[in-house]
Amino acid sequence: MPPRFARPDAASEEGGLWALMDREEARLRRSPLRMRDEALTRYLSDTACALAVEHCPDVRVYALRTPYFNANMAPNGMMQVWSGLLLRMENEAQMAAILAHEIGHFLQRHSLEKLRDVKARSAFATALSVFGVYGLVGQLLVLGSAFPFSRDQEREADAISLVLMRNVGFDTREAPKVWANLLAELAANPAASGDSLDNILFATHPSSEERRSTLQREAAGGSGLVGAEAWRQRLAPVRGMLLEDELKRGRLDESLALLDRLAAAEPDSADLLYFRGEARRQRAADGDLDLALKDLQAAARDPRAPAATWRAIGYLERQRQQPAAARAAWQRYLEIAPDAADAALVRQSMEELP
Amino acid sequence: MNIPRRALLLGALLLAAGCAQVSKVASGQVTVGGRMVVDADKDWNQFEQTLSDGTPTWTKEGIAVDELKFYVGLKDGALLAPTPSEPKGQPPLVFKSGMQAAEIVALFERRYSRGGSTFTLEKVVPVPFVGGGGYRFEFSSIRKVDDLRLRGVGWFAVRNGELWAITYTAPRLAFFPAGLAEAESVARSARIKS
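Printed below as a string of structure tokens:
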């Protein structure tokens with residue numbers, strides 16, 4: 001492992017990039033999208049710290065509420081992890097694999113090389129700054145972390161991530177599963193092409209199939225901490241919000257592949273049954289509505305089901321020309337959530353039932 | 001769409017807005033999109049050509065700040081605010097004439113959630129709009145590209161299978177409260193050109 005990096009001279013090119021990143025980090029710290037769940041964010045920071053060993057003081061993790069799969073790290077040690085990625089992790093070992101991978105890029109100073117490249121190509125962005133589009137150049141550089149690394153850089157970061165995971169005692173066999181799960185999700189959306197920069201799932205990580213198989217080979221024979229239940233408990237306080245954000249992406253085929261996977265691990269979760277039922281109700285492809293009703297009714301048998309379960313049942317029953325069942329479901333919804341944002345709309349829908 | 005491309009698109013949009021011909025909205029009766037008539041005061045600006053999403057848009061402070069958008073008689077199958085380059089696999093926002101009010105609200109929800117912005121529905125109630133029954137919804141949003149907290153309000157109705165809507169969004173602290181009354185006034189005056 002390389003020694004800790006000294007802060008570069010402010011007058012150097014690298015120093016200038018660090019200063020830009022520092023400014024972006026100040027913005028990130030104030031961002032309303034920054035997730036404030038203290039236990040979860042502390043866990044991410046502590047895990048990154050354990051993985052980074054002596055580089056721990058230089059690594060800072062920010063979880064952002066953005067429903068896409070993305071993590072990146074700036075050369076000054078600022079790491080962003082988006083909520084769409086958190087939602088897709090099945091256990092602590094998979095989360096550690098992501099953090100360790102980003103730390104791998106940091107240790108090899110890949111981000112710096114990439115930012116130099118992005119900066120060189122962003123004459124356009126400089127032109128924008130003339131027009132007073134404040135912060136956009138800096139943002140571009142931060143977001144530039146979403147430009148792909150080279151295959152060699154990805155291989156290097158993957159190899160380092162396995163070493164770091166082993167050092168802390170995580171099961172490295174979970175690392176390739178992250179990519180296998182993503183590939184399965186993309187495969188569920190016929191309109192999305194695989195290794196495409198147009199798909200945010202792969203914005204930072206091209207050649208995922210190759211990486212999955214390489215990781216699988218190199219991680220074989222591993223053992224250690226998986227932490228599936230512990231991870232579920234850590235995510236529990238925010239999971240409902242993240243699932244709502246997930247459905248608002250409108251990529252229901254991918255969301256359903258994700259929900260099928262999550263529900264397979266937790267078949268009795270009222271939350272997951274509701275969101276899967278709601279996703280099917282919204283997609284409304286052949287056979288979806290029957291399956292949606294089945295999920296929603298199963299969720300409704302659990303007193304912990306979200307109130308929106310009853311609203312969704314009402315809409316489905318109206319569609320199925322079952323006014324009495326629709327009325328009963330909506331009444332239940334309004335009993336549980338009388339001040340819901342759409343209460344007036346639901347009341348009007350009830351009045352319009354035959 | 002990956003994030004740099006989204007940032008570049010926003011930049012291009014801002015540049016285009018900076019370069020596009022902007023004119024004052026004439027006060028009095030104004031026809032928008034050829035088929036919607038509203039009463040306007042003299043403070044709104046409009047773009048001579050529609051922006052990239054094809055939606056007539058008015059603003060007081062600039063489109064990166066406040067936007068009053070007009071969805072004029074969208075027919076069955078028409079796209080709500082299409083973007084020039086939708087990411088692969090992203091289903092377009094298609095209006096269908098049989099949509100219920102909740103589905104139309106969901107359509108706007110997806111429109112404002114694009115690119116990772118948040119959308120929280122605050123309230124939706126039946127109100128009169130374009131000369132008959134319609135709906136008014138309020139929402140809040142955090143715009144991903146610049147972390148700005150926005151508030152928004154929208155009015156919509158379906159007439160003869162066509163969607164008629166107006167939305168107003170602005171930063172929540174100063175601009176939204178300052179512009180809301182005028183946006184409401186424009187929406188209240190909206191009617192379909194006979």
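Protein chains in written order, with our numbering: chain H, 1 to 354; chain B, 1 to 194. Backbone N, C-alpha and C define an ideal beta-carbon position, used for all residues, glycine too.
Using the Cα positions of residue i and residue j, report the straight-line distance between them to the nearest angstrom.
| i | j | result |
| --- | --- | --- |
| Ser291 (chain H) | Ala257 (chain H) | Just to set this straight, residue 291 (chain H) is Leu in the shown sequence, not Ser. Computed Cα separation, rounded: 14 Å. |
| Gly161 (chain B) | Leu183 (chain H) | 40 Å |
| Thr169 (chain B) | Leu44 (chain H) | 35 Å |
| Leu293 (chain H) | Ala279 (chain H) | 11 Å |
| Leu128 (chain H) | His105 (chain H) | Interpretation of Leu128 (chain H) is limited by its pLDDT of 42, a score under 50 that renders its predicted location unreliable; no figure is taken from the coordinates. |
| Ala19 (chain H) | Thr47 (chain H) | 26 Å |
| Pro190 (chain H) | Val178 (chain H) | 20 Å |
| Ala175 (chain H) | Asp158 (chain H) | 9 Å |
| Arg111 (chain B) | Leu99 (chain H) | 32 Å |
| Ser349 (chain H) | Tyr333 (chain H) | 13 Å |
| Ser23 (chain B) | Phe70 (chain B) | 17 Å |
| Val137 (chain H) | Arg116 (chain H) | Caution is warranted here: a pLDDT of 48 is assigned to Val137 (chain H), below 50, making its placement in the model unreliable, and the coordinate value is therefore given only provisionally. Cα to Cα, the separation comes out at about 13 Å. |
| Glu335 (chain H) | Arg318 (chain H) | 19 Å |
| Leu243 (chain H) | Phe156 (chain B) | 27 Å |
| Ala6 (chain H) | Leu186 (chain H) | 41 Å |
| Ala324 (chain H) | Trp44 (chain B) | 49 Å |
| Met78 (chain H) | Met35 (chain H) | 15 Å |
| Ala337 (chain H) | Ala308 (chain H) | 9 Å |
| Ser150 (chain H) | Glu156 (chain H) | 10 Å |
| Glu102 (chain H) | Glu61 (chain B) | 41 Å |
| Gly314 (chain H) | Glu109 (chain B) | 20 Å |
| Glu377 (chain H) | Ser269 (chain H) | The requested residue 377 (chain H) does not occur in the structure, where chain H is confined to residues 1 to 354. |
| Arg239 (chain H) | Gly222 (chain H) | 29 Å |
Have a look at the options and flag the residue whose alpha-carbon is nearest the alpha-carbon of residue i.
| i | options | result |
| --- | --- | --- |
| Asp271 (chain H) | H:Asp288, H:Pro237 and H:Ala284 | H:Pro237 |
| Ser117 (chain B) | H:Glu246, H:Gly277, H:Arg311 and H:Ser349 | H:Glu246 |
| Asp37 (chain H) | H:Glu13, H:Leu64 and H:Leu112 | H:Leu64 |
| Gly152 (chain B) | B:Arg159, B:Val158, B:Phe129 and B:Leu121 | B:Leu121 |
| Arg276 (chain H) | H:Ala50, H:Arg42 and H:Asp295 | H:Asp295 |
| Leu107 (chain H) | H:Arg42, H:Val81 and H:Gln153 | H:Gln153 |
| His55 (chain H) | H:Arg29, H:Leu289, H:Arg212 and H:Leu164 | H:Leu164 |
| Gly132 (chain B) | B:Gly28, B:Arg188 and B:Asp39 | B:Arg188 |
| Val145 (chain B) | H:Thr66, H:Val59 and H:Met73 | H:Thr66 |
| Glu184 (chain B) | B:Ile166, B:Arg172 and B:Ser194 | B:Ile166 |
| Ala101 (chain B) | H:Glu351, H:Val346, H:Pro354 and H:Leu353 | H:Val346 |
| Arg42 (chain H) | H:Leu33, H:Val61 and H:Pro57 | H:Val61 |
| Gly34 (chain B) | B:Val25, B:Ser52, B:Lys42 and B:Pro56 | B:Pro56 |
| Ser194 (chain B) | B:Val37, B:Phe95, B:Lys96 and B:Ser113 | B:Val37 |
Taking the continuous beta strand (DSSP E) assigned at residue i, which residues delimit it?
| i | result |
| --- | --- |
| Ile142 (chain B) | Gly132 to Arg143 |
| Met79 (chain H) | Met78 to Trp82 |
| Asn167 (chain H) | Taken as a continuous stretch (DSSP letters only), Asn167 (chain H) belongs to no beta strand (DSSP E), being part of the alpha helix (DSSP H) at Arg151 to Val168. |
| Phe47 (chain B) | Asn45 to Phe47 |
| Leu163 (chain B) | Glu162 to Pro171 |
| Lys248 (chain H) | First-last for Lys248 (chain H): Ala228 to Lys248, but that is the alpha helix (DSSP H), not the beta strand (DSSP E). |
| Ser23 (chain B) | Val22 to Lys24 |
| Pro128 (chain B) | Thr120 to Phe129 |
| Tyr62 (chain H) | Arg60 to Leu64 |
| Asp39 (chain B) | Met36 to Ala40 |
| Gln108 (chain H) | Unbroken run through Gln108 (chain H): none, as it is neither H nor E. |
| Gly154 (chain B) | Leu148 to Arg159 |
Could you give the residue range of the alpha helix (DSSP H) that holds residue i?
| i | result |
| --- | --- |
| Asn181 (chain H) | Ala175 to Ala187 |
| Asp46 (chain H) | Glu38 to Ala52 |
| Trp18 (chain H) | Glu13 to Arg30 |
| Trp310 (chain H) | Ala308 to Gln319 |
| Leu68 (chain B) | From DSSP, Leu68 (chain B) is part of no alpha helix (DSSP H) but of the beta strand (DSSP E) over Glu67 to Leu74. |
| Met35 (chain H) | Element bounds for Met35 (chain H): n/a, residue is neither H nor E. |
Quick one: list the residues of chain H neighbouring residue i, beta-carbon separation under 7 Å, in chain order.
| i | result |
| --- | --- |
| Ile166 (chain B) | Result: empty, since nearest Cβ-Cβ is about 18 Å, beyond 7 Å. |
| Gln46 (chain B) | Per Cβ cutoff of 7 Å: no residues; Gln46 (chain B) is ~21 Å from chain H at best. |
Using the beta-carbon of each residue, which ones in chain H are nearer than 9 Å to residue i?
| i | result |
| --- | --- |
| Ile63 (chain B) | The contacting residues do not exist; Ile63 (chain B) stays about 13 Å from chain H at best. |
| Thr169 (chain B) | Those within 9 Å of Thr169 (chain B) in chain H number zero; the least Cβ separation is about 16 Å. |
| Ser113 (chain B) | Pro67, Asp245, Lys248, Arg249 and Gly250 |
Can you name the residues of chain B whose CB is closer than 8 Å to the CB of residue i?
| i | result |
| --- | --- |
| Leu256 (chain H) | Within 8 Å Cβ-Cβ: nothing; Leu256 (chain H) doesn't reach chain B, min ~13 Å. |
| Thr66 (chain H) | Gly116 and Lys144 |
| Tyr315 (chain H) | Gln100 and Ala102 |
Can you pull the chain H residues whose beta carbon is under 8 Å from the beta carbon of residue i, in chain order?
| i | result |
| --- | --- |
| Arg149 (chain B) | Pro32 |
| Glu109 (chain B) | Lys248 |
| Phe129 (chain B) | Chain H residues near Phe129 (chain B): none, gap ~14 Å exceeds 8 Å. |
Give the interface partners of residue i over in chain B, defined as CB-CB distance under 7 Å, in chain order.
| i | result |
| --- | --- |
| Ala341 (chain H) | Leu121, Glu122, Lys123 and Val124 |
| Asn189 (chain H) | Gly89 |
| Gln348 (chain H) | Pro126 |
So that I know if they touch, is there some Cβ in chain C lying closer than 8 Å to that of residue i?
| i | result |
| --- | --- |
| Leu345 (chain H) | Here chain C cannot be found, since the structure's protein chains are H and B. |
Identify the contact partners of residue i in chain B, using a Cβ-Cβ distance below 9 Å as the criterion.
| i | result |
| --- | --- |
| Arg27 (chain H) | Asp147 |
Inter-stretch contact at 8 Å, needing at least 3 Cβ pairs: the stretch 273-289 of chain H / the stretch 244-251 of chain H: yes
Meets three-Cβ-pair contact criterion under 8 Å: the stretch 93-109 of chain B and the stretch 54-67 of chain B: no
contact_flag[the stretch 84-98 of chain H, the stretch 214-233 of chain H] where n(CB pairs < 8 Å) is 3 or more: yes
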